[in-house]
Amino acid sequence: MPGQTLLGALLVTLLVLSVEGASIALGGSHSCALLGDGTMKCWGYNTYGQLGDGTTTDRTTPVEVSGITTATSIALGLQHSCAVLTNSSVMCWGRNRYGQLGDGTTTDRITPVEVAGITTATSIALGASHSCAVLADGTMKCWGNNGNGALGDGTTTWSATPVEVLGITTATSSCAGRTATRPTRVVGARRGYREVCRSPAVSFGVSSA
Numbered sequence: 001m002p003g004q005t006l007l008g009a010l011l012v013t014l015l016v017l018s019v020e021g022a023s024i025a026l027g028g029s030h031s032c033a034l035l036g037d038g039t040m041k042c043w044g045y046n047t048y049g050q051l052g053d054g055t056t057t058d059r060t061t062p063v064e065v066s067g068i069t070t071a072t073s074i075a076l077g078l079q080h081s082c083a084v085l086t087n088s089s090v091m092c093w094g095r096n097r098y099g100q101l102g103d104g105t106t107t108d109r110i111t112p113v114e115v116a117g118i119t120t121a122t123s124i125a126l127g128a129s130h131s132c133a134v135l136a137d138g139t140m141k142c143w144g145n146n147g148n149g150a151l152g153d154g155t156t157t158w159s160a161t162p163v164e165v166l167g168i169t170t171a172t173s174s175c176a177g178r179t180a181t182r183p184t185r186v187v188g189a190r191r192g193y194r195e196v197c198r199s200p201a202v203s204f205g206v207s208s209a
C-alpha cells in the first residue's frame, strides 16, 4: 500500500541518517538534517529562506545550509530554523516577522544570522514564530512572538532579541509549541528525576491544544 511504502522509505532514511551520525528536525513544511561533521542540509518549502541556502527556492532534495559547519543541535519552527554551535552561540534563519531569529530585526534571512547575546546555549526549541534557548546555568531566554505570553517574561510584547524567562533556573531542555513553551527541569536533583514535556504547548503562554 502507498502508506506502507512511504513509511518504509522514511524508516530507511532515518536509519541511514543514524548510521551517518546525523539527526533530523521537521518544520512546518521543511526538514533539516544535522550531519556528523557539524554541517546541515535542508529541503522543502523555502519562501522565507528557511532552508538557509541563500535562496528562496523550494527544494525537493537536500541543500547545504550556508555557513553552518559546527552545529551540535538543531530545531525548526513553522518557517524558521536555528542551530546551536560548538561555541554555544545560536544561529537562525528564515522568516522573521515577529523577531523569531533574534538578531534585533524583523527582516527575513536567507542565510544564518547570529542570535544577539546568546553565548552559553546548551539546547534550543522553536515554536511557530518564537524561539527559546536553555543556557548553561539552567536559565532560559526566548525571543519572537509573545502575543500569548510565550516568551515567559511576564509581558505579551514581542521581542526581536532574547529576553529572560522569569523563574526558570534549573532547566535542562525545553520544547516549544505553536504559541507557548515548556521547560524541562530537574525536579529531584538527588535522584535525577526530570519533568518531561508532556504537552507541546503548555507552561507559560496559552495552550494551542
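Start counting the sequence shown at 1; every next residue gets the next number (the numbering used here).
All C-beta atoms in this analysis are idealised placements derived from N, C-alpha and C, irrespective of residue type, glycine included.
Note that the coordinates shown come from a computational prediction; the quantities given were computed from them, not determined experimentally.
(1) Pull up the distance between the alpha-carbon of T86 and that of S131, whole angstroms please.
(2) With distances taken between CB atoms, is the gap from R97 to G49 smaller than 9 Å?
(3) Could you tell me the distance, in whole angstroms, from the CA atom of G167 to the CA atom of G152?
(4) Determine which residues share a DSSP beta bridge with W158 and list them.
(5) Drop a sphere of 10 angstroms on the beta-carbon of D53, count the other beta-carbons inside from all chains shown, and report buried for 16 or more, exposed for fewer.
(6) Can you list, in chain order, the residues of its chain whose CB lies under 8 Å from that of A22, leaving out five sequence neighbours each side?
(7) Beta strand (DSSP E) containing A136: first to last residue?
(8) To the nearest angstrom, report how far apart G94 and T170 are at their CA atoms.
(9) Between which residues of its own chain and R59 is the CB-CB distance below 7 Å, once the five residues before and five after are set aside?
(10) Only counting the same chain, and skipping five residues up and downstream in sequence, which positions put a Cβ closer than 8 Å to that of T120?
(11) Anyone know if the C-beta pair for L76 and A116 falls short of 9 Å?
(12) Kindly list the residues whose CB is nearer than 8 Å to the CB of V84, restricted to its own chain and excluding five residues on each side of it in sequence; keep chain order.
(13) Where G38 and W158 are concerned, what is the direct C-alpha to C-alpha distance, given to the nearest angstrom?
(14) So, at 8 Å on beta carbons, what are the nonlocal neighbours of T139 in its own chain, with the 5 sequence-adjacent residues on each side left out?
(15) According to DSSP, is T55 part of a helix, a strand, or is it coil?
(16) Going along the chain, which unbroken runs of the beta strand (DSSP E) with 3 or more residues stay wholly within the stretch 63 to 148?
(17) Please go through the same chain and pick out, in chain order, the residues whose beta-carbon is closer than 8 Å to the beta-carbon of T106, but skip the five residues on each side of it.
(18) Kindly indicate the opening and closing residues of the beta strand (DSSP E) around A150.
(19) Quick check: what's the CA-CA separation for H30 versus V65?
Considering the structure as presented:
(1) 19 Å
(2) no
(3) 9 Å
(4) None; W158 has no bridge partner.
(5) buried
(6) A33, L34, L35, G36
(7) No beta strand (DSSP E) holds A136; DSSP gives it neither H nor E.
(8) 30 Å
(9) W43, G44, N46, L51
(10) S88, L135, A136, D137
(11) no
(12) A71, T72, S73, I74, V90, A121, T122, S123, I124, A133
(13) 31 Å
(14) E164, V165, I168, T169, A171
(15) coil
(16) 71 to 76, 80 to 85, 90 to 94, 109 to 114, 121 to 126, 130 to 135, 140 to 144
(17) N96, R97, Y98, G99, A160
(18) That residue, A150, is in no beta strand (DSSP E); it is neither H nor E in DSSP.
(19) 13 Å
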